[in-house]
Amino acid sequence: MATVVATGAPRKGRARRVRTPSERRELWAALAFISPWIVGFLVFTAWPVIYSAYLSFTDYDVINDPSFVGLDNYRQLLEDPKIRISLWNTFVYTVFQVPLLVVISLGLALLLDKAGRAAGFFRTAFYLPNMTPLVAVGVLILLLFNGQEGLINDVLGVFGIDGPNWTTDPQWVKPAIIAMSLWSVGSSVIILLAALRNVPQELYDAARVDGAGFWRRTVSVTLPMISGPMFFVFVVNSIAAFQTFTETYTAFFGAGNTTYGNDAALFYVIYLFQQAFQFLNMGYASAMAWLLFVIILVVTLVQLRVSKRLVYLEGEQR
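In structure tokens:
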């Protein structure tokens, strides 16, 4: 069979496709519909981010104009002992809170997956605490974990255990905050439950034929198949843990509270808030914000790197 060879000048690039009038109208209509979001993003997100980067190199107290100080704010970050304390508190909180939240969420999701018709009721019940305002959660910390009259110590007293001073003893402040943060596991439970419902039943049937029990099926089938959603939950909650603020600030620092305020509860974002809105060191607070951004970025990139070995993606060649 003869081969037909095209002749003519070679094309130097792909020809630009010209949109039809109807396509242009659809494009402008789409832009018009999303324009409120675009304007809101530019005004309330993009511009503040860019401006905070500029402020991080200035001395700015809100009242007077910013004055350029170069890298002084970033040098001060290395010398400020409160930065080290707040970062340590934040890392400790994140390291313990996030794995606990994921494990508890997974356990509840596994139970709900076996609940049958009652799953709808319990799914709603587990999610309702997420609707609680974080300020109210901060108040609950003081009510439940009060060393003298708190409900937690009253329950421990029934079993003959003398409960600690959760809100005043520096060794027990963070465990109290971590325990209270587990109040809002509902959203993670819903995500993991949806993932469990999408695991192919044939895999469980094959495992049963091979004689695998519940725990073996969970380790060999369930966890690999939902590793993607679990990783998502882990990353999202890690980012949220680094930015924890409202409930802790309400419980230990809010409304001029100096009785319970101590360094054990001083998280990084709380110290950032104090620098910005109590001491009016906006330039220094902006530098703190960019340091937090870099820390979260590095932690997330490390998690993404680790996920390549631990997370199963359906259809991916390994």
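Going by the numbering used here, the sequence shown opens with residue 1118, and the numbers climb by one from there.
All C-beta atoms, glycine included, are put in the ideal place defined by N, C-alpha and C.
| Query | Result |
| --- | --- |
| For L1195, is the classification buried or exposed, using 16 other Cβ atoms within 10 angstroms of its Cβ as the cut-off for buried? | exposed |
| Quick one: give me the first and last residue of the alpha helix (DSSP H) that D1271 is part of. | L1268 to V1275 |
| Once DSSP output is grouped into helix, strand and coil, what is the label at T1175? | strand |
| Nearest-angstrom Cα distance between D1380 and E1364? | 16 Å |
| Suppose the cutoff is 8 Å on Cβ atoms and the five residues either side in sequence are ignored; what does the same chain contact list for T1376 look like? | With a pLDDT of 45 at T1376, under the threshold of 50, the predicted position of this residue should be treated as unreliable, though the coordinate-derived value follows. Within the same chain, T1376 has no close Cβ partners at all. |
| So, helix, strand or coil for V1428, using DSSP? | coil |
| Round the Cβ separation of T1361 and Y1210 to the nearest angstrom and send it over; I've been treating them as touching at under 8 Å. | 7 Å |
| If contacts are defined as beta-carbon pairs under 8 Å, then I1412 and F1359 qualify, I think. What distance do you get, rounded to the angstrom? | 7 Å |
| By alpha-carbon positions, which one of L1251, L1218, I1258 and I1308 ends up nearest to W1289? | I1258 |
| Are three or more beta carbon pairs between the region 1342-1359 and the region 1311-1331 nearer than 8 Å? | yes |
| For the candidate residues A1406, G1400 and Y1244, whose alpha-carbon lies nearest to that of L1065? | Outside the displayed range of the chain (1118 to 1435) lies residue 1065, so it cannot be described from this structure. |
| Just verifying my parser: in three-state terms, what is the DSSP assignment at F1359? | helix |
| Taking the alpha carbon of G1267 as the reference point, which residue from I1278, G1255 and N1282 has its own alpha carbon closest? | N1282 |
| Could you give the C-beta distance for V1338 and Y1321, rounded to a whole number, given that I count them as a contact under 8 Å? | 6 Å |
| I'd like the list of long-range same chain contacts for F1213, defined as Cβ closer than 7 Å, with 5 residues on each side in sequence excluded. | I1295 |
| Using the beta-carbon count (16 or more within 10 Å), is A1368 buried or exposed? | buried |
| Assess, as a yes-or-no matter, whether the region 1387-1401 is touched by the region 1164-1184 under the definition of 3 or more beta carbon pairs within less than 8 Å. | yes |
| For the alpha helix (DSSP H) containing I1258, list its first residue and its last residue. | L1251 to L1261 |
| Between the region 1410-1429 and the region 1322-1338, do at least 3 Cβ pairs fall closer than 8 Å? | no |
| Go ahead and label P1384 buried or exposed: buried means 16 or more other beta carbons lie within 10 angstroms of its beta carbon, across all protein chains shown. | The sequence given here places Phe at residue 1384; Pro does not occur at that position. F1384 comes out buried. |
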